[in-house]
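To convert, note that position 103 of the sequence shown is 105 in the working numbering; the numbers rise steadily by one, no gaps. Glycine residues also receive a C-beta, built at the ideal position from the N, C-alpha and C atoms.
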Amino acid sequence: MLMNIQPLDPVAFSLGPLDIHWYGILIAGGMFLAYLLANYEANRKGLPEGTFVDLMFYIIIASLIGARLYYVLFNFEYYVSNPMNIIRVDQGGMAIHGGLIGGFLAGLIYSRVKGYSFMQIADIAAPSILLGQIIGRIGNFINQEAHGGEVTREFLESLFLPEFIINQMYIDGAYYHPTFLYESVWNIVGLIIILLVRPHLKIGQSILLYLIYYSIGRYFIEGMRTDSLMVTEGLRAAQMISILIIVGAIAVWIYRNWKYELPKYKDVNGVFNHQVKNQATAQNGKVKGKK
3 MLMNIQPLDP
13 VAFSLGPLDI
23 HWYGILIAGG
33 MFLAYLLANY
43 EANRKGLPEG
53 TFVDLMFYII
63 IASLIGARLY
73 YVLFNFEYYV
83 SNPMNIIRVD
93 QGGMAIHGGL
103 IGGFLAGLIY
113 SRVKGYSFMQ
123 IADIAAPSIL
133 LGQIIGRIGN
143 FINQEAHGGE
153 VTREFLESLF
163 LPEFIINQMY
173 IDGAYYHPTF
183 LYESVWNIVG
193 LIIILLVRPH
203 LKIGQSILLY
213 LIYYSIGRYF
223 IEGMRTDSLM
233 VTEGLRAAQM
243 ISILIIVGAI
253 AVWIYRNWKY
263 ELPKYKDVNG
273 VFNHQVKNQA
283 TAQNGKVKGK
293 K
């Protein structure tokens, strides 16, 4: 029976000598759906038309570069010896944390240049980020990568997984934890939570909630993986970054709560920029602890 198990073909189709991989299609598809969701919300909230059309162009480029550079830096010795493989993103090797860093930097710069509130833009994008991650993880599944440690087939069957998922987790003679699935389920729950609570959170808190929530799940799931990028022996890069993100996001949450009387997300329509915020501060005694 085991001899008949065939993995899913990572190549979706070929155009002459060029193979088009499912991984690349799913990454692109995830970004497109993430854009549609964010653009819909931006229009609903009254932001200038085309805001996310322009923004997503820069975020996509910065995210792809950041995700790849992060992965390459933590596999530096290999890519020094194989520099041409740096651009082979169709075969995998994209780190979510690197993509987040690149995307956040692009969003921050864009917001500053346009005079928008970065936190408002990030709040709008928070569910979209999770949606993109959920879809992107399917690419890891098809590539049979980013999996956890060895388990039995009986264990996978006890999770009531579809047969094709169980079979795809049969790699080189053994079954492995489908950590892609664990993270996807965690992110689906997070997506639902953020969509439900976002209207009642203050400006900037939805993106901070995303960072805290995702990082908690990533920390524990990363501990199960066998292909983690390592900082040093015994120290996983993703776990270290996750802890830093959790601490940083909580600190920013507390600081903003202390300093500002920010409006709730549902009460803000149109551009919420620094000028509007400062006006609200002056009117409502917004900055606490100062006269």
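Work out the CA separation of residue j and residue i for me, nearest whole Å.
i	j	result
Ile131	Tyr212	9 angstroms
Tyr42	Phe54	9 angstroms
Pro56	Asn6	Checking the sequence shown, residue 56 turns out to be Asp, not Pro. Approximately 49 angstroms between the Cα atoms of the pair.
Ser186	Pro180	10 angstroms
Asp229	Val115	39 angstroms
Leu38	Trp188	22 angstroms
Pro9	Glu51	44 angstroms
Met226	Phe274	41 angstroms
Gln170	Ala148	13 angstroms
Thr283	Glu263	For Thr283, the pLDDT reaches just 47, beneath the cut-off of 50, and the residue's location in the model is therefore unreliable, although a value from the coordinates is still provided. Approximately 7 angstroms, taken between the alpha carbons.
Gly18	Gly175	33 angstroms
Quick one: what's residue i bridged to in DSSP?
i	result
Ala176	Ile173
Val153	Tyr177
Leu237	Thr234
Lys204	Lys266
Arg227	Gly150
In the DSSP assignment, find the beta strand (DSSP E) that holds residue i and state where it starts and stops.
i	result
Ser16	Val13 to Leu17
Leu20	Leu20 to His23
I'd like to know whether the C-beta atoms of residue i and residue j end up nearer to each other than 8 angstroms.
i	j	result
Ser113	Phe106	no
Ile351	Gln122	Lying outside 3 to 293, the shown extent of the chain, residue 351 is not represented and no answer is given.
Gly272	Gly117	no
Ile247	Ser217	yes
Ile209	Asp125	yes
Tyr25	Asn145	yes
Phe78	Leu231	no
Leu28	Gly109	no
Ala69	Gly101	yes
What residue range is occupied by the uninterrupted alpha helix (DSSP H) comprising residue i?
i	result
Phe54	Thr53 to Leu75
Phe143	Phe120 to Asn145
Ile298	Because the chain here runs from 3 to 293, residue 298 falls outside it and cannot be looked at.
Val82	Phe78 to Ser83
Decide if the segment 220-227 is in contact with the segment 241-249; the criterion is three or more beta carbon pairs, one per stretch, under 8 angstroms apart. yes
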